[in-house]
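Down below is the structure, laid out as structure tokens.
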Amino acid sequence: MTLITGATGGIGAALARELAGTHSLLLQGRDGARLSTLCAEVGGAPLLLDLTRPDTFEAALSGLGRVTNVVQNAGVVELGAVAEQPHEVWTHTLAVNVVAPAALTRLLLPRVRAERGTLVFVNSGAGLRANAGWASYAASKFALKALADALREEETPHGVRVTSVYPGRTATPMQQKVRAQEGGSYDPAAFVDPATVAATVRFVLDAPRDATLPDVTVRPGPR
């Protein structure tokens with residue numbers, strides 16, 4: 000089984016569609032109606048979970064069977080200068096983008112180890128470079144990179160592969176929100192198609208066992 004967090008979002012939904020029919024899917028979301036609609040479309044099972052409540056994770060995951068792959072895709076973003084953003088924004092961003100993936104990973108590791116599976120962390124270009132106005136989001140993504148890097152070294156002896164994927168700007172509702180916060184226009188054609196990122200993640204998951212891809216960057220191609 001492959002678990003995708005943030006499955007009802009742009010990249011998550013594209014990945015669910017990309018893997019449908021070849022992977023047994025467990026799809027996490029917090030909107031029950033949207034999650035049910037997606038599960039009906041791709042044949043996955045729903046996991047209704049609020050990622051800001053790690054205290055609820057263990058109970059929610061207790062009935063799961065085999066889990067081979069985990070794609071930590073869920074994320075939030077709120078732009079703003081360090082001088083302006085209140086602690087609530089930082090707390091929420093770090094909770095969803097870092098604490099939740101760490102907590103879910105810890106709980107799922109025994110299952111993934113048993114399957115010699117793969118953990119994919121959908122990061123961002125902001126996890127490699129922090130620009131003005133992006134401090135809270137970039138800090139969370141730098142931390143997510145640190146989580147993945149440490150986990151890779153820890154889990155290699157257990158046969159678990161760990162990959163960070165760094166998409167550039169992708170044509171998703173999140174990007175539409177970002178462009179509005181930046182005061183710019185949103186043209187999906189100017190950004191990476193979420194299906195392209197999904198195909199990249201699938202390549203990582205399906206790579207032969209004698210290969211591991213620690214870091215994969217996806218950028219818009221020439222137009």
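0 is the number of the first residue of the sequence shown in numbering that gives the first Met the number 0; add one for each residue after it.
The beta-carbon is built from N, C-alpha and C at its ideal position, and this holds for glycine as well.
Quick caveat, the model's predicted, so the values are computed rather than measured.
Relative to the C-alpha of residue i, which residue among the options is closest?
i    : options             : result
L37  : L50, T211, A59, L14 : L14
R291 : H91, L18, V177, E40 : With the chain running from 0 to 222 in the structure shown, residue 291 is simply not present.
G124 : R110, A142, V111    : A142
M173 : P156, A102, P193    : P193
V69  : D49, T55, V88, L26  : L26
G158 : A99, H22, R112      : R112
S135 : D54, A188, V75, D49 : V75
With a threshold of 16 other CB atoms inside 10 Å of the CB of residue i, please say whether the residue is buried or exposed.
i    : result
F120 : buried
N130 : exposed
S61  : exposed
T104 : buried
R151 : buried
A147 : buried
Rounded to whole angstroms, what's the CA-CA distance from residue i to residue j? Just pull it up for me.
i    : j    : result
L127 : G79  : 18 Å
R168 : L63  : 34 Å
P45  : I3   : 10 Å
R115 : G9   : 28 Å
E57  : T7   : 22 Å
G11  : R29  : 13 Å
P221 : A179 : 24 Å
A94  : P85  : 15 Å
A197 : A82  : 36 Å
A138 : A145 : 11 Å
G183 : K176 : 10 Å
Say yes only if the C-beta of residue i is nearer than 8 Å to one or more non-hydrogen atoms of the ligand NAP, and no if none qualify.
i   : result
A94 : Among the ligands in the structure shown, none appear at all, so the ligand NAP cannot be discussed.
Less than 8 Å between the CB atoms is what I'm expecting for residue i and residue j, so what's the real figure, rounded?
i    : j    : result
V161 : L106 : V161 to L106, Cβ: 16 Å. No contact.
N122 : Y165 : 5 Å
A73  : G132 : The pair is not a contact, with the Cβ atoms about 22 Å apart (cut-off 8 Å).
For the region 199–207 against the region 11–31, are there 3 or more C-beta pairs whose distance is under 8 Å? yes
Pair every Cβ in the region 209–219 with every Cβ in the region 22–40, then say whether three or more of these pairs are closer than 8 Å. no
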